[in-house]
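Quick note: the sequence shown uses full-length UniProt numbering, first residue 1, plus one each step.
C-beta atoms are modelled at their ideal positions from N, C-alpha and C, and glycine is treated no differently.
See below for the structure under consideration.
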Amino acid sequence: MTLQELQTQVQQTRRDILRMVHAVNSGHPGGSLGCAEFLAALYGKVMSYSSDFSMDGKGEDLFFLSNGHISPVFYSTLARSGFFPVSELATFRKLDSRLQGHPTTHEGLPGIRIASGSLGQGLSVAIGAAQAKKLNNDDKLVYTLHGDGELQEGQVWEALMYAAGKNVDNIIATVDYNGRQIDGDTDQVLPLGDLKAKFEAFGWIVLQEENGNDLEKVIAVLEKAKSLTGQGKPVSILLHTEMGNGVDYMMGSHSWHGKAPNDEQLENALTQNPETELTDY
(Lines of atoms letter the chains of each structure in order from A and count residues from 1; the text may use other names and numbers.)
(Lines give C-alpha, C1' and ligand atoms only; values in the text may rest on other atoms or scores of the structure.)
Protein backbone atom coordinates (compact mmCIF):
# COMPACT_ATOMS: atom_id res chain seq x y z
CA MET A 1 0.00 0.00 0.00
CA THR A 2 1.13 3.54 -0.66
CA LEU A 3 1.58 6.02 2.16
CA GLN A 4 -1.63 7.79 1.15
CA GLU A 5 -3.54 4.51 1.15
CA LEU A 6 -2.17 3.73 4.60
CA GLN A 7 -3.17 7.19 5.86
CA THR A 8 -6.67 6.58 4.57
CA GLN A 9 -6.78 3.22 6.31
CA VAL A 10 -5.69 4.81 9.60
CA GLN A 11 -8.48 7.38 9.39
CA GLN A 12 -11.04 4.72 8.49
CA THR A 13 -9.82 2.50 11.32
CA ARG A 14 -10.37 5.36 13.75
CA ARG A 15 -13.94 5.65 12.49
CA ASP A 16 -14.42 1.89 12.84
CA ILE A 17 -13.11 1.91 16.42
CA LEU A 18 -15.33 4.78 17.49
CA ARG A 19 -18.47 3.37 15.91
CA MET A 20 -17.86 -0.14 17.23
CA VAL A 21 -17.48 0.83 20.88
CA HIS A 22 -20.28 3.40 20.70
CA ALA A 23 -22.77 0.89 19.28
CA VAL A 24 -22.51 -1.39 22.31
CA ASN A 25 -21.46 1.25 24.87
CA SER A 26 -18.41 -0.81 25.82
CA GLY A 27 -14.87 -1.47 24.69
CA HIS A 28 -11.46 0.15 24.76
CA PRO A 29 -11.11 3.09 22.35
CA GLY A 30 -8.07 4.83 23.89
CA GLY A 31 -5.34 2.28 23.25
CA SER A 32 -7.00 1.19 20.02
CA LEU A 33 -6.82 4.70 18.57
CA GLY A 34 -3.22 5.02 19.72
CA CYS A 35 -2.17 1.92 17.76
CA ALA A 36 -3.99 2.61 14.47
CA GLU A 37 -0.78 3.66 12.71
CA PHE A 38 1.17 0.66 14.00
CA LEU A 39 -1.39 -1.90 12.81
CA ALA A 40 -1.84 -0.17 9.46
CA ALA A 41 1.92 -0.14 8.87
CA LEU A 42 2.31 -3.74 9.98
CA TYR A 43 -0.44 -5.22 7.83
CA GLY A 44 -0.33 -2.74 4.98
CA LYS A 45 3.42 -2.44 4.45
CA VAL A 46 5.71 -4.55 6.62
CA MET A 47 4.45 -8.08 7.15
CA SER A 48 4.37 -10.88 4.59
CA TYR A 49 1.12 -12.80 5.05
CA SER A 50 -1.91 -14.30 3.35
CA SER A 51 -5.47 -13.25 4.14
CA ASP A 52 -6.37 -16.85 3.23
CA PHE A 53 -5.89 -17.64 6.90
CA SER A 54 -4.19 -20.76 8.24
CA MET A 55 -3.40 -21.32 11.91
CA ASP A 56 -0.13 -22.98 10.89
CA GLY A 57 1.09 -19.78 9.25
CA LYS A 58 3.89 -21.58 7.43
CA GLY A 59 5.88 -19.38 5.10
CA GLU A 60 4.35 -16.15 6.38
CA ASP A 61 4.97 -13.62 9.12
CA LEU A 62 2.82 -13.96 12.24
CA PHE A 63 1.36 -11.35 14.57
CA PHE A 64 0.23 -11.84 18.15
CA LEU A 65 -1.76 -9.14 19.95
CA SER A 66 -0.92 -9.57 23.63
CA ASN A 67 -2.91 -6.61 25.00
CA GLY A 68 -6.13 -8.06 23.67
CA HIS A 69 -8.42 -5.37 25.05
CA ILE A 70 -7.50 -3.13 22.08
CA SER A 71 -9.37 -5.59 19.87
CA PRO A 72 -11.28 -2.84 17.96
CA VAL A 73 -8.14 -1.67 16.15
CA PHE A 74 -7.15 -5.28 15.46
CA TYR A 75 -10.57 -6.26 14.11
CA SER A 76 -10.75 -3.19 11.89
CA THR A 77 -7.27 -3.84 10.50
CA LEU A 78 -8.01 -7.51 9.81
CA ALA A 79 -11.31 -6.73 8.12
CA ARG A 80 -9.82 -3.93 6.02
CA SER A 81 -6.96 -6.31 5.08
CA GLY A 82 -9.36 -8.92 3.72
CA PHE A 83 -9.47 -11.52 6.51
CA PHE A 84 -13.25 -11.30 6.97
CA PRO A 85 -16.09 -9.09 5.70
CA VAL A 86 -15.99 -5.48 6.86
CA SER A 87 -19.73 -5.74 7.56
CA GLU A 88 -18.95 -8.13 10.43
CA LEU A 89 -17.49 -5.22 12.41
CA ALA A 90 -21.12 -4.32 13.20
CA THR A 91 -21.35 -7.42 15.42
CA PHE A 92 -18.60 -6.29 17.82
CA ARG A 93 -19.28 -7.44 21.41
CA LYS A 94 -22.78 -8.66 20.55
CA LEU A 95 -24.23 -12.05 21.47
CA ASP A 96 -22.91 -14.91 19.31
CA SER A 97 -20.42 -12.59 17.59
CA ARG A 98 -17.00 -13.81 16.53
CA LEU A 99 -15.73 -10.33 17.47
CA GLN A 100 -15.60 -10.65 21.24
CA GLY A 101 -14.37 -7.81 23.45
CA HIS A 102 -11.11 -9.69 23.82
CA PRO A 103 -10.04 -11.86 20.86
CA THR A 104 -10.81 -15.58 21.09
CA THR A 105 -10.09 -18.53 18.82
CA HIS A 106 -13.04 -20.85 19.46
CA GLU A 107 -15.22 -19.27 16.77
CA GLY A 108 -12.46 -19.44 14.18
CA LEU A 109 -12.23 -15.74 13.33
CA PRO A 110 -9.56 -15.44 10.59
CA GLY A 111 -6.44 -13.61 11.74
CA ILE A 112 -6.82 -14.48 15.44
CA ARG A 113 -4.14 -16.91 16.58
CA ILE A 114 -4.54 -16.75 20.37
CA ALA A 115 -7.08 -15.70 22.97
CA SER A 116 -5.56 -12.67 24.62
CA GLY A 117 -7.90 -11.51 27.32
CA SER A 118 -5.37 -12.15 30.08
CA LEU A 119 -2.42 -9.79 29.95
CA GLY A 120 1.19 -10.92 30.06
CA GLN A 121 0.95 -14.10 28.01
CA GLY A 122 1.39 -13.02 24.40
CA LEU A 123 5.17 -12.87 24.36
CA SER A 124 5.48 -16.43 25.67
CA VAL A 125 3.18 -17.73 22.92
CA ALA A 126 4.98 -15.73 20.25
CA ILE A 127 8.37 -17.05 21.33
CA GLY A 128 7.04 -20.58 20.96
CA ALA A 129 5.85 -19.76 17.44
CA ALA A 130 9.22 -18.21 16.61
CA GLN A 131 11.05 -21.31 17.79
CA ALA A 132 8.69 -23.49 15.76
CA LYS A 133 9.60 -21.47 12.67
CA LYS A 134 13.27 -22.14 13.33
CA LEU A 135 12.61 -25.87 13.70
CA ASN A 136 10.66 -25.82 10.43
CA ASN A 137 13.40 -23.87 8.61
CA ASP A 138 10.86 -21.11 8.06
CA ASP A 139 12.64 -17.77 7.62
CA LYS A 140 9.60 -15.59 8.29
CA LEU A 141 9.26 -13.41 11.40
CA VAL A 142 6.99 -13.21 14.43
CA TYR A 143 5.65 -9.82 15.59
CA THR A 144 3.97 -8.96 18.88
CA LEU A 145 2.34 -5.93 20.48
CA HIS A 146 2.16 -5.27 24.23
CA GLY A 147 0.80 -2.53 26.43
CA ASP A 148 3.27 -0.75 28.69
CA GLY A 149 1.06 -1.41 31.71
CA GLU A 150 1.14 -5.06 30.70
CA LEU A 151 4.85 -5.12 31.48
CA GLN A 152 3.89 -5.08 35.15
CA GLU A 153 3.09 -8.77 34.67
CA GLY A 154 5.97 -10.96 35.78
CA GLN A 155 5.53 -13.51 33.00
CA VAL A 156 6.65 -10.90 30.47
CA TRP A 157 10.07 -10.68 32.09
CA GLU A 158 10.46 -14.45 32.22
CA ALA A 159 9.72 -14.52 28.50
CA LEU A 160 12.16 -11.69 27.80
CA MET A 161 14.88 -13.61 29.63
CA TYR A 162 14.05 -16.85 27.80
CA ALA A 163 14.07 -15.29 24.31
CA ALA A 164 17.51 -13.81 24.78
CA GLY A 165 18.87 -16.88 26.53
CA LYS A 166 17.75 -19.14 23.68
CA ASN A 167 18.80 -16.73 20.89
CA VAL A 168 15.28 -16.30 19.52
CA ASP A 169 16.31 -13.75 16.91
CA ASN A 170 13.29 -14.02 14.59
CA ILE A 171 10.91 -12.07 16.82
CA ILE A 172 10.10 -8.35 17.02
CA ALA A 173 8.21 -7.31 20.15
CA THR A 174 6.70 -3.82 20.19
CA VAL A 175 5.58 -2.02 23.34
CA ASP A 176 2.77 0.52 23.01
CA TYR A 177 4.49 3.02 25.29
CA ASN A 178 1.72 5.56 25.95
CA GLY A 179 2.40 5.93 29.67
CA ARG A 180 -1.19 5.18 30.67
CA GLN A 181 -3.28 2.27 31.89
CA ILE A 182 -6.82 1.81 33.15
CA ASP A 183 -6.16 3.16 36.67
CA GLY A 184 -3.98 6.13 35.69
CA ASP A 185 -0.49 6.95 34.44
CA THR A 186 1.92 4.03 34.63
CA ASP A 187 4.32 6.18 36.63
CA GLN A 188 1.63 6.48 39.31
CA VAL A 189 0.34 2.91 39.26
CA LEU A 190 3.71 1.15 39.09
CA PRO A 191 6.70 2.93 37.51
CA LEU A 192 8.41 1.01 34.72
CA GLY A 193 11.75 2.76 35.11
CA ASP A 194 14.21 2.81 32.23
CA LEU A 195 12.64 0.29 29.87
CA LYS A 196 15.36 0.55 27.25
CA ALA A 197 18.06 -0.23 29.81
CA LYS A 198 15.99 -3.07 31.25
CA PHE A 199 15.36 -4.71 27.88
CA GLU A 200 19.02 -4.37 26.97
CA ALA A 201 20.04 -5.85 30.31
CA PHE A 202 17.85 -8.84 29.46
CA GLY A 203 19.80 -9.28 26.21
CA TRP A 204 17.47 -7.65 23.67
CA ILE A 205 18.24 -5.25 20.83
CA VAL A 206 16.13 -2.15 21.54
CA LEU A 207 14.84 0.53 19.19
CA GLN A 208 12.85 3.58 20.26
CA GLU A 209 10.46 5.71 18.25
CA GLU A 210 9.31 8.86 19.99
CA ASN A 211 6.44 9.53 17.58
CA GLY A 212 4.56 6.28 17.27
CA ASN A 213 1.62 8.05 15.63
CA ASP A 214 3.68 9.25 12.66
CA LEU A 215 3.03 6.62 10.01
CA GLU A 216 6.28 7.14 8.11
CA LYS A 217 8.31 6.85 11.30
CA VAL A 218 6.44 3.73 12.37
CA ILE A 219 7.19 2.09 9.02
CA ALA A 220 10.85 3.12 9.28
CA VAL A 221 11.36 1.70 12.76
CA LEU A 222 9.64 -1.57 11.81
CA GLU A 223 11.85 -1.90 8.74
CA LYS A 224 14.92 -1.14 10.88
CA ALA A 225 13.84 -3.81 13.34
CA LYS A 226 13.52 -6.33 10.49
CA SER A 227 17.08 -5.57 9.42
CA LEU A 228 18.35 -6.41 12.91
CA THR A 229 16.78 -9.87 13.12
CA GLY A 230 18.90 -12.98 12.61
CA GLN A 231 21.80 -11.61 14.65
CA GLY A 232 21.43 -13.88 17.68
CA LYS A 233 19.27 -11.52 19.73
CA PRO A 234 15.54 -10.80 19.90
CA VAL A 235 14.48 -7.29 18.82
CA SER A 236 12.12 -4.89 20.58
CA ILE A 237 10.60 -1.52 19.73
CA LEU A 238 9.53 1.00 22.36
CA LEU A 239 6.84 2.87 20.43
CA HIS A 240 5.75 6.08 22.14
CA THR A 241 2.10 6.69 21.24
CA GLU A 242 -0.75 8.87 22.43
CA MET A 243 -3.77 7.14 23.93
CA GLY A 244 -6.89 8.30 22.08
CA ASN A 245 -4.86 9.72 19.21
CA GLY A 246 -6.93 11.49 16.58
CA VAL A 247 -9.73 12.52 18.94
CA ASP A 248 -8.79 15.66 20.83
CA TYR A 249 -10.92 15.13 23.93
CA MET A 250 -9.60 11.59 24.40
CA MET A 251 -5.92 12.54 24.26
CA GLY A 252 -3.78 13.43 27.25
CA SER A 253 -5.61 11.24 29.75
CA HIS A 254 -6.22 7.62 30.73
CA SER A 255 -9.96 8.32 31.03
CA TRP A 256 -10.80 6.76 27.66
CA HIS A 257 -8.90 3.53 28.22
CA GLY A 258 -12.16 1.60 28.55
CA LYS A 259 -15.05 4.03 28.07
CA ALA A 260 -17.29 4.44 25.04
CA PRO A 261 -18.36 7.85 23.69
CA ASN A 262 -22.01 8.90 23.91
CA ASP A 263 -23.96 10.10 20.88
CA GLU A 264 -22.71 13.68 21.00
CA GLN A 265 -19.13 12.63 21.67
CA LEU A 266 -19.23 10.17 18.78
CA GLU A 267 -20.44 12.86 16.40
CA ASN A 268 -17.61 15.12 17.56
CA ALA A 269 -15.01 12.38 17.10
CA LEU A 270 -16.27 11.43 13.64
CA THR A 271 -16.18 15.08 12.59
CA GLN A 272 -12.47 15.02 13.46
CA ASN A 273 -12.08 11.86 11.34
CA PRO A 274 -14.25 12.43 8.24
CA GLU A 275 -15.52 9.69 5.93
CA THR A 276 -13.05 8.11 3.53
CA GLU A 277 -13.41 6.37 0.20
CA LEU A 278 -13.25 3.04 2.07
CA THR A 279 -16.76 3.69 3.42
CA ASP A 280 -18.16 2.67 6.80
CA TYR A 281 -19.48 -0.80 7.54
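Asked	Found
Going by DSSP in three states, residue 168 sits in which element: helix, strand or coil?	coil
Just reading off the alpha helix (DSSP H) that residue 264 is part of, what are its end residues?	263-272
Could I get the ranges of all uninterrupted alpha helix (DSSP H) runs contained in the stretch 201-262, with 4 residues as the minimum, in chain order?	215-227
Only counting the same chain, and skipping five residues up and downstream in sequence, which positions put a Cβ closer than 8 Å to that of residue 257?	28, 30, 31, 180, 181, 182, 243
Should residue 89 and residue 98 be called a contact, given that it needs their Cβ atoms to be closer than 8 Å?	no
Counting C-beta neighbours from all protein chains within 10 Å, is the total for residue 213 16 or more, i.e. buried, or is it exposed?	buried
Where does residue 150 land, buried or exposed, given buried means 16+ other C-beta within 10 angstroms?	buried
Rounding to the nearest angstrom, what Cα-Cα distance links residue 193 and residue 187 in this structure?	8 Å
Please identify the residue among 142, 34, 167 whose C-alpha is closest to the C-alpha of residue 46.	142
Counting along the chain, where does the alpha helix (DSSP H) carrying residue 73 start and finish?	71-80
Determine the contact status of residue 173 and residue 236, defining contact as a CB-CB distance below 8 Å.	yes
Pull up the DSSP beta-bridge partners for residue 84, would you.	Answer by DSSP bridge pairing: none, since residue 84 is not bridged.
If you measure between the beta carbons of residue 62 and residue 93, is that distance less than 8 Å?	no
From the DSSP output, in three-state form, read off residue 159 for me.	helix
Determine the DSSP secondary structure at residue 9, reduced to helix, strand or coil.	helix
Looking only at its chain, what residues have a beta carbon closer than 8 Å to the beta carbon of residue 184, apart from the 5 residues adjacent to it on each side?	254
Using a Cβ distance threshold of 8 Å, determine whether the stretch 270-277 contacts the stretch 201-218, with at least three qualifying pairs required.	no
Looking at the secondary structure, which residues open and close the beta strand (DSSP E) in which residue 39 lies?	Per DSSP, residue 39 belongs to no beta strand (DSSP E); it is in the alpha helix (DSSP H), 36-41.
What span of residues does the beta strand (DSSP E) with residue 128 cover, start to end?	No beta strand (DSSP E) contains residue 128, which is instead part of the alpha helix (DSSP H) from 122-135.
Assuming residue 219 contacts residue 171 (C-beta within less than 8 Å), just tell me the rounded distance between them.	19 Å between Cβ atoms; not a contact.
Give me the DSSP bridge partner(s) of residue 146.	175
Hey, out of 101, 132, 131, whose CA is closest to residue 117's CA?	101
Do residue 278 and residue 12 have their C-beta atoms within less than 8 Å of each other?	yes
When DSSP builds the beta bridges, which residues end up paired with residue 185?	180
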